[in-house]
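Since the structure comes first, as structure tokens, the remarks are kept for the end.
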Amino acid sequence: LAMNYRGPFRVRADRDKPYPEILHPGDAIVRVTRSCICGSDLHLYHGLVPDTRVGMTFGHEFTGVVVETGSLVEKLKPGDHVLVPFNIACGVCPFCKQELYGNCHESNAEATAVGGIFGYSHTAGGYDGGQAEYVRVPYADVGPVVIPPEMDPDDAVLLTDVLPTGYQAAEMGGIKIGDTVVVFGAGPVGIMAAKCAWLFGAGRVIVIDHLEYRLDFVRNYAQCEAYNFRSLEDPVLFLKKTTGDYGADVCIDAVGCEAAGSAMQTITGRKMLLQAGSATALYWAINSVKKGGIVSIVGVYGPTFNFVPIGNVVNKGITIRANQTSVKRLLPKLISHIQSGYINPKAIVTHRVPLEEVADAYHIFSSKLDNCIKPVLIPPS
Ligand code: NAD
Ligand code: ZN
1275 LAMNYRGPFR VRADRDKPYP EILHPGDAIV RVTRSCICGS DLHLYHGLVP
1325 DTRVGMTFGH EFTGVVVETG SLVEKLKPGD HVLVPFNIAC GVCPFCKQEL
1375 YGNCHESNAE ATAVGGIFGY SHTAGGYDGG QAEYVRVPYA DVGPVVIPPE
1425 MDPDDAVLLT DVLPTGYQAA EMGGIKIGDT VVVFGAGPVG IMAAKCAWLF
1475 GAGRVIVIDH LEYRLDFVRN YAQCEAYNFR SLEDPVLFLK KTTGDYGADV
1525 CIDAVGCEAA GSAMQTITGR KMLLQAGSAT ALYWAINSVK KGGIVSIVGV
1575 YGPTFNFVPI GNVVNKGITI RANQTSVKRL LPKLISHIQS GYINPKAIVT
1625 HRVPLEEVAD AYHIFSSKLD NCIKPVLIPP S
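Per this note's numbering, the sequence shown runs over residues 1275 to 1655.
Have a look at this one:
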């Protein structure tokens, strides 16, 4: 059983997808125990990522049990319970050597920038993902990590992407003691970014979204301020005013491109451009950060062209930092933050859905129904 992409806004559970096989002696086959749907999957689902082919299985956030290993695999054995970072990384290229696992040079032959990613279109290597009963894991000695025995399985699956991405968003922001940090987006990634911003010494953390249930959640979860941009006349002016007219020290974009939708109507006259891959949050981030401030982008921009007010970046001397998350690099630190009790990632899981009902799960998460924050798909056991 595997999720199968049929075209924009159409996915289904497929019983006929062939069982994955070891294609290289460094591969492992993993029986999936949990697999999340991510905001990044929504970009695929909305048809915003180039070369997303019909028949692909998505899913880059999963845990499972190793069932088979290739002859070169040394660190894993059948029966191991593993969490699998979303990056597919060779471990030996110059980028992996610098722990830039999201930019591996070997795992994605066609791309100039991104490395391989499970279930993330042919732009990211064309690998099938983990929204399935079984998945092939290339370079199995590099990414997967055996789950500490006492760890909650939901915490483990959230270590494959969401928590590291929130952390890296805060880290790239170069937050200094006392800084005001604004996080755009109160989805799973924005929630984790807000929580992690305090670890770097933020003095004030503000989250912006328009979904009240998510604003309520993040206020409580990350002990931060949270505002609905629909009730603000102009989010940029509001943020300026509340930061003594200078602007925020750091702005984080945890939104990325959006399918045609409400948020992008806020910039009048630019609707067409924005629908080719909106950047409302990024626009707001650039315009509400202070001069010389840092904008950290973890939101994913599928389309080749996106609207960025580059003139303002230059004139204000803004530093923009962005990347796919290097999951493996951050795992030891984040496991210890979970063990210490500072972060409780599993609190964001709102939906557990059998893999058979994957189409419903996509619909609910995409349309933000039923107070959904993070859905987890459970394959039949
Ligand atoms: P999500 O869809 O659950 O959350 C996005 C949130 O942004 C929603 O709550 C939405 O209401 C809000 N939003 C929309 N427009 C906004 C605006 N203009 N201002 C403020 N908020 C706005 O998604 P998620 O799982 O939290 O992921 C967020 C982004 O992070 C996505 O773009 C995803 O692709 C990206 N991501 C990147 C990486 C990476 O490695 N860089 C990893 C994981 C996810
Ligand atoms: Zn993800």
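Each residue gets a CB set at the ideal place from its N, CA and C atoms; glycine is no exception.
Residue i versus residue j - alpha carbon distance
i	j	result
GLY1321	ARG1595	26 Å
ASP1415	ASN1502	44 Å
GLN1372	LEU1556	28 Å
LEU1346	GLU1295	15 Å
LYS1349	GLU1335	20 Å
TYR1520	ASP1634	45 Å
GLY1461	LYS1515	25 Å
TYR1394	CYS1498	32 Å
ILE1612	LEU1604	12 Å
ARG1327	LEU1432	26 Å
ILE1652	VAL1563	41 Å
LEU1614	MET1425	Note that residue 1614 is Ser in the sequence shown, not Leu. Computed Cα separation, rounded: 12 Å.
ILE1609	THR1434	11 Å
LEU1567	ARG1478	For clarity, residue 1567 is Gly in the given sequence; the question names Leu instead. Distance between the alpha carbons of GLY1567 and ARG1478: 15 Å.
LYS1291	VAL1436	28 Å
TYR1616	ASP1453	20 Å
LEU1485	ASP1325	31 Å
MET1330	PRO1352	26 Å
TYR1636	GLY1403	15 Å
PRO1282	VAL1632	15 Å
SER1655	TYR1319	26 Å
CYS1367	ASP1490	43 Å
ASP1483	ILE1465	11 Å
Range of the contiguous alpha helix (DSSP H) that encloses residue i
i	result
VAL1409	Premise fails: VAL1409 lies in the beta strand (DSSP E), 1408-1411, not in any alpha helix (DSSP H).
THR1516	1509-1516
ARG1603	1601-1613
HIS1637	1632-1640
Terminal residues of the beta strand (DSSP E) in which residue i lies
i	result
THR1307	1302-1310
THR1454	1454-1458
GLU1342	1336-1343
ILE1647	Premise fails: ILE1647 is in no beta strand (DSSP E) and is neither H nor E.
LYS1564	1563-1571
GLU1499	1499-1502
GLY1281	1276-1281
PRO1357	The sequence as given places Leu at residue 1357; Pro does not occur at that position. Note, LEU1357: beta strand (DSSP E), 1355-1358.
ALA1287	1284-1288
ALA1596	1593-1596
ARG1478	1478-1483
Close beta carbons around residue i, own chain, < 7 Å, minus the five adjacent residues each side
i	result
LEU1374	SER1600
ASP1301	GLY1344, ARG1410, VAL1411, PRO1412 and ALA1414
CYS1646	THR1624, HIS1625, ILE1638 and PHE1639
ASN1382	VAL1388, GLY1389, GLY1390, ALA1398 and GLY1399
VAL1323	HIS1317, SER1395, THR1397 and GLY1576
LYS1642	LEU1485
HIS1298	GLY1344 and PRO1412
CYS1370	ALA1363, CYS1364 and CYS1378
Residue i beta carbon near the ligand COA (any heavy atom closer than 8 Å)
i	result
ASP1634	The model depicted lacks the ligand COA and carries the ligand NAD and the ligand ZN instead.
For residue j and residue i, believed in contact at Cβ under 8 Å, the rounded distance
i	j	result
ILE1480	VAL1456	5 Å
VAL1285	TYR1293	At roughly 20 Å, the Cβ-Cβ gap does not stay under 8 Å, so VAL1285 and TYR1293 are not in contact.
GLU1380	CYS1364	4 Å
PHE1458	VAL1529	5 Å
ASN1597	GLY1313	At roughly 16 Å, the Cβ-Cβ gap does not stay under 8 Å, so ASN1597 and GLY1313 are not in contact.
Cβ shell of residue i (< 6 Å), same chain only, five flanking positions each side left out
i	result
SER1570	ALA1443, MET1446, GLY1447, ILE1526 and ARG1595
THR1273	Lying before the first or after the last residue shown, residue 1273 is absent from the chain, which here runs from 1275 to 1655.
LEU1316	SER1640
VAL1430	Correcting the residue type first, residue 1430 is Ala in the shown sequence and not Val. Result list for ALA1430: THR1337, LEU1357 and ILE1421, in chain order.
ASP1288	ALA1276 and ASN1278
8 Å CB neighbourhood of residue i in its chain, flanking five on each side removed
i	result
VAL1582	ALA1553, LEU1556, TYR1557 and ILE1560
LYS1607	TYR1441
ASP1428	ARG1308, PRO1619, LYS1620, VAL1623 and VAL1650
PHE1512	TYR1501 and LEU1506
GLY1591	LYS1565 and GLY1566
Below-9 Å beta-carbon distance, residue i vs any chain C residue
i	result
GLU1532	Looking at the structure shown, chain C is missing, and only one protein chain is on hand.
Inset, instruction - Decide if the region 1437-1453 is in contact with the region 1519-1535; the criterion is three or more beta carbon pairs, one per stretch, under 8 Å apart. - result: By the Cβ criterion, the region 1437-1453 is in contact with the region 1519-1535, since at least three pairs of Cβ atoms, one from each stretch, lie closer than 8 Å.
Legend entry - the region 1295-1312 in contact with the region 1331-1339 per 3-pair CB rule at 8 Å: yes
Inset, instruction - Examine the Cβ distances between the region 1358-1366 and the region 1407-1426 and report whether three or more of them are shorter than 8 Å. - result: yes
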